[in-house]
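Notes for the one structure printed next.
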Amino acid sequence: MAKVLVRYSTSKDGKPVKQAEVYTFDEHGISPGDIDPDAVKIARRLQASGHVAYVVGGAVRDLMVGKKPKDFDIATDASPSRLRKLFRNSRVIGRRFRLVHIFFENNKVIEVSTFRSENSEGFKNEYGAIEQDVRRRDFSMNALYYCPADRTIIDYVGGVRDIRKKRIVPLIPLDRIFVEDPVRIIRAVKYANVTGFKIGYPLHRQIRKNISLLADCPASRMTEEVYKILLSGRAASVFQVCRKYDIFQYMVPALDRVMENEGPEFCEKFFAMMKQLDEAVAEGEDRRQRAVAYLVADYLYLVSPHGSEEKISFPDAYSELKELLKPLIPANKDVERALVFLIRRRKNYRRGEPLR
Numbered sequence: 176m177a178k179v180l181v182r183y184s185t186s187k188d189g190k191p192v193k194q195a196e197v198y199t200f201d202e203h204g205i206s207p208g209d210i211d212p213d214a215v216k217i218a219r220r221l222q223a224s225g226h227v228a229y230v231v232g233g234a235v236r237d238l239m240v241g242k243k244p245k246d247f248d249i250a251t252d253a254s255p256s257r258l259r260k261l262f263r264n265s266r267v268i269g270r271r272f273r274l275v276h277i278f279f280e281n282n283k284v285i286e287v288s289t290f291r292s293e294n295s296e297g298f299k300n301e302y303g304a305i306e307q308d309v310r311r312r313d314f315s316m317n318a319l320y321y322c323p324a325d326r327t328i329i330d331y332v333g334g335v336r337d338i339r340k341k342r343i344v345p346l347i348p349l350d351r352i353f354v355e356d357p358v359r360i361i362r363a364v365k366y367a368n369v370t371g372f373k374i375g376y377p378l379h380r381q382i383r384k385n386i387s388l389l390a391d392c393p394a395s396r397m398t399e400e401v402y403k404i405l406l407s408g409r410a411a412s413v414f415q416v417c418r419k420y421d422i423f424q425y426m427v428p429a430l431d432r433v434m435e436n437e438g439p440e441f442c443e444k445f446f447a448m449m450k451q452l453d454e455a456v457a458e459g460e461d462r463r464q465r466a467v468a469y470l471v472a473d474y475l476y477l478v479s480p481h482g483s484e485e486k487i488s489f490p491d492a493y494s495e496l497k498e499l500l501k502p503l504i505p506a507n508k509d510v511e512r513a514l515v516f517l518i519r520r521r522k523n524y525r526r527g528e529p530l531r
């Protein structure tokens, strides 16, 4: 086994201080060919312009566990305004944290973030160095920085070891991690399900203790997280775990109540529908309108009064689905297209055939 390199800094009294472990290709096995070519181009252009740039987060984690990432995010020391100058096909988004989306063909978007300091809170964007940025990430397995140029992984927090030991380790103190951002509760449960990693008892206890905080989660954040689950290819199993943890009631409360009222038979049909969605995603389905359709299909066909109508009243059914999905705020066009799809597939459902 190749020797792991170490990155040092110098303390105030001039002594070397270990900062990070550096894993070479021989240690981690991830090559630039595993990375989205457009993400590699972004990193190389930034580096050629005098900046540092890394592939970060879930993409590195997924590659480490042998999965193909769906998204590739970049972190850099370049400011959002600098990124806009370097990439004409980009747009600055976000009010709380300024991010840059770089657009490519076929609706591909790569998100680029600027290193943030530990003092960057609320609407205050205080940029910093990579050593500060890493401390703002949620779990160690999401805090790895991959450099396409030299094929190294920079690990400040022992994330590689935690991945190899299949454990989910929070980087933020347990008394703060979910209070600061309740969405991390959903992410922790999702990561455990998707990777098979263990949630230790202290983290498990904090999840149970803080679940009610999800009630105050911004609708936009919850919507994005639900979409990520729906299009992850693991929606059935992730939602089952969310129901087990009593998390689902905060994600889609009205649908959770329907599942409680209708009983096991409806729940069985719902999770079978989620498996259908997972199969569609595995074959390349990535449209949000389809995700919405699969999410509400059983309700529309079995519970809604419109399901038994010979001719469904589109405005009424649309309004009912929008109400069902609250607090989620999917785009109106996604709900409209989902309803059109479900109206056209009603005979498939009645015959017990897949919706596709």
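Here the sequence shown is numbered in my numbering, starting from 176 and rising by one per residue. Ideal placement from N, C-alpha and C gives every residue a C-beta, glycine not left out.
With respect to the beta strand (DSSP E) encompassing residue i, which residues constitute its N-terminal and C-terminal limits?
i, result
"Arg266", "265-268"
"Ile249", "248-251"
"Val344", "Segment: none, Val344 is in no beta strand (DSSP E) and carries neither H nor E."
"Tyr321", "319-322"
Quick check on the DSSP output: the alpha helix (DSSP H) that includes residue i runs from which residue to which?
i, result
"Glu400", "394-405"
"Ile518", "507-519"
"Ala447", "439-457"
"Phe414", "410-419"
"Asp473", "463-473"
"Asp491", "489-500"
"Val215", "212-223"
"Leu258", "255-261"
"Phe423", "423-426"
Taking the DSSP output, what are the residues bridged to residue i?
i, result
"Leu274", "Ile268, Ser288"
"Tyr229", "Ala250"
"Phe314", "Pro345"
"Tyr524", "BP columns for Tyr524 are empty, so no partner."
"Lys373", "Arg342"
"Asp302", "One detail in the question is off: residue 302 reads as Tyr in this sequence, not Asp. Answer is Arg291."
Apart from the five residues on each side of it in sequence, which residues of its chain come closer than 6 angstroms, Cβ to Cβ, to residue i?
i, result
"Val231", "Asp248, Ala250, Tyr320"
"Ile305", "Phe290"
"Ile487", "His481, Ile518"
"Asp211", "Phe247"
"Phe262", "Ile277"
Please return the same chain residues whose Cβ sits closer than 8 angstroms to the Cβ of residue i, not counting the five positions on each side in sequence.
i, result
"Arg291", "Phe272, Asn300, Glu301, Tyr302, Gly303, Gln307, Asp308, Arg311"
"Phe516", "Gln464, Arg465, Ala468, Leu530"
"Arg138", "Outside the modelled stretch of the chain, which goes from 176 to 531, sits residue 138, for which no answer is possible."
"Val354", "Asn385, Leu388"
Cβ of residue i within 7 angstroms of Cβ of residue j?
i, j, result
"Leu346", "Gln381", "no"
"Leu323", "Val215", "The identity of residue 323 in the sequence shown is Pro, whereas the question assumes Leu. Yes; because the gap between Cβ atoms is below 7 angstroms, this pair is in contact."
"Ile404", "Ala411", "no"
"Val240", "Thr327", "no"
"Val510", "Tyr474", "no"
"Val227", "Pro255", "no"
"Asp213", "Ile285", "yes"
"Asp461", "Leu500", "no"
Just confirm the distance between the C-beta atoms of residue i and residue j, as a whole number of angstroms; I'd bet it's less than 8 angstroms.
i, j, result
"Tyr420", "Val335", "Their Cβ separation, rounded to whole angstroms, is 28 angstroms, which puts Tyr420 and Val335 out of contact at 8 angstroms."
"Lys373", "Val413", "The Cβ separation is near 16 angstroms, so there is no contact."
"Ile338", "Arg236", "7 angstroms"
"Ser479", "Ala492", "7 angstroms"
"Gly408", "Val456", "4 angstroms"
"Ile422", "Leu378", "So it is not a contact: roughly 14 angstroms between Cβ atoms."
"Leu514", "Leu496", "6 angstroms"
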